[in-house]
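End of the sequence shown sits at 355 in the numbering used here; the numbers just go up one at a time, nothing left out. Glycine included, C-beta positions come from ideal geometry on N, C-alpha and C. It should be emphasised that the depicted structure is a prediction, and the values quoted were computed from it without experimental measurement. One structure below.
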Amino acid sequence: MDLHRPIRIGTRGSRLALWQAHHVAARLELAQLTTEIVIITTKGDIVLDRSLDKIGAKGVFTEELEESLRSGAIDIAVHSAKDVQSTIPADLELLAFMEREKVNDVIVSYDPNLDLSRPDLVLGTSSTRRKALLRRHYPHATTAEARGNLQTRLRKLEEGQYHALVLAYAGVHRMEYDQLIRHVLPETQFVPATGQGSVAVECARSLEPALKAELQRHLDHAPTHICLLAERAFLRTMEGGCSIPSFALATFTAEGAVQLHGGLISLDGEQYLEETLTTAADARAVEAMGIELAERILGRGGREILDDIRSQRAVS
40 MDLHRPIRIG TRGSRLALWQ AHHVAARLEL AQLTTEIVII TTKGDIVLDR SLDKIGAKGV
100 FTEELEESLR SGAIDIAVHS AKDVQSTIPA DLELLAFMER EKVNDVIVSY DPNLDLSRPD
160 LVLGTSSTRR KALLRRHYPH ATTAEARGNL QTRLRKLEEG QYHALVLAYA GVHRMEYDQL
220 IRHVLPETQF VPATGQGSVA VECARSLEPA LKAELQRHLD HAPTHICLLA ERAFLRTMEG
280 GCSIPSFALA TFTAEGAVQL HGGLISLDGE QYLEETLTTA ADARAVEAMG IELAERILGR
340 GGREILDDIR SQRAVS
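Written as structure tokens, this is what we have:
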């Protein structure tokens, strides 16, 4: 294992992505490992004039990074865990999930007296899940597309394109915009996207085993990893991604078991399916739980909701 050369960390170039990459680098440098950050532009960074579901959300923020892993241009790729597609290519693997930040969605605004009940409320978001949940819980509000990195979205907010943005707390907090948070949406009502709040580290399966073990030892947070195994098994079985309004959150119970709450919502917010299951904190058990929960949702009408979503998109 050659630890004399820098470990090359691939990342997107946004401020939030770079925060994540530097967070990984800092952990490794604490372990006396040297690092080099390599910025890679993805399709999701280039195509900003269309919503994610219109450009094919699968791998939209990860594909170019994964090609760099295959070519050996980088050793690891760093992603927001919620951006990682549900199925990883066979020649790649998710090496680590870093300790999760607070999982909630938040409403962000420059207006300290923001009135969420105003009938003309415009909320900016690029998330299919958030749009559907807003239609359910804030039916008086209008949702507007809000693509781009966090700073771009905040500029649009400041220009008056929206009254507020709906974002993940993790990104807002990491970029130190906490003072703009006007409302924290309860995770029981606005159940987050799979992986929200965690940073995922991906590598090629061919990466030297000793180096993989060393990286995992310093980067992986075992409780977060177990929870995300359950959530990602659910997402994979739902055949979902960023463009499907599914949601899943795994947490530890007081007794040390893992509880998974997940479901699916129709685009108009009218149909809402949810289930909760609990199992032992074991990798195989939590993955089986994620599959079972998804199958229950699909069997209760989820397949019909997904078929309807796909038919609507085919028309548009």
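Whole angstroms are fine: how far does the CA of residue j sit from the CA of residue i?
i	j	result
D347	L254	43 Å
I113	V240	12 Å
R44	G329	40 Å
L55	S282	21 Å
F286	A180	21 Å
G234	A207	11 Å
V297	G210	25 Å
G340	Q218	41 Å
V117	R51	8 Å
Q356	R186	Outside the modelled stretch of the chain, which goes from 40 to 355, sits residue 356, for which no answer is possible.
V77	E343	43 Å
A249	E278	33 Å
K97	R192	Caution is warranted here: a pLDDT of 47 is assigned to K97, below 50, making its placement in the model unreliable, and no coordinate value can be reported.
K93	E247	Only weak support is given to the placement of K93: the predicted model assigns it a pLDDT of 48, under 50, and the question is left unresolved by the model.
P158	E314	32 Å
L67	L104	20 Å
P284	T101	20 Å
F229	K251	36 Å
L345	K170	16 Å
R271	A353	26 Å
S390	L153	One cannot answer for residue 390 here, as it falls past the ends of the chain, which runs 40 to 355.
Q200	T182	11 Å
M214	L160	25 Å
V205	Y216	13 Å
S53	R349	31 Å
V57	E75	The question names Val, yet the displayed sequence has Leu at residue 57. Answer to the nearest angstrom: the Cα atoms are 12 Å apart.
G338	G111	43 Å
A293	L312	26 Å
So, under 8 Å CB-CB, residue i and residue j are touching, yes? Tell me the CB distance rounded to an integer number of Å.
i	j	result
L196	S237	26 Å between Cβ atoms; not a contact.
F291	A320	7 Å
S165	E184	6 Å
A135	D259	4 Å
T107	G49	First, the amino acid is wrong: residue 107 is Ser here, not Thr. Contact holds; Cβ gap of about 5 Å.
E334	T276	6 Å
A70	H257	5 Å
H62	E140	Actually they are not in contact, since the Cβ atoms of H62 and E140 sit about 11 Å apart, beyond 8 Å.
Determine the contact status of residue i and residue j, defining contact as a CB-CB distance below 9 Å.
i	j	result
I46	T73	yes
L189	F273	no
A269	L299	yes
L162	H202	yes
V325	E226	no
E138	C242	no
S232	I265	The displayed chain sequence assigns Ala, not Ser, to residue 232. No, the Cβ-Cβ distance between A232 and I265 is not below 9 Å.
G295	I336	no
T317	A327	no
R168	I304	yes
Could you tell me whether any Cβ in chain D is nearer than 9 Å to the Cβ of residue i?
i	result
R349	Considering every chain present, this structure includes no chain D. It has just one protein chain.
Legend entry - Sufficient close CB pairs (3 or more, under 8 Å) joining the stretch 167 to 179 to the stretch 298 to 312: yes
Legend entry - Touch test, the stretch 139 to 152 against the stretch 213 to 223, Cβ-Cβ under 8 Å, three pairs minimum: yes
Inset, instruction - Would you check if there are 3 or more beta carbon pairs closer than 8 Å linking the stretch 185 to 196 to the stretch 117 to 137? - result: no
Inset, instruction - Enumerate, from N- to C-terminal direction, the unbroken beta strand (DSSP E) stretches of 3 or more residues contained entirely within the stretch 267 to 310. - result: 285 to 291 and 297 to 304
Inset, instruction - Could you tell me which uninterrupted alpha helix (DSSP H) segments, each at least 4 residues in length, are contained entirely in the stretch 138 to 203, listed from first to last along the chain? - result: 167 to 176 and 189 to 197
Legend entry - Complete alpha helix (DSSP H) runs within the stretch 235 to 272 (minimum length 4 residues, chain order): 248 to 258
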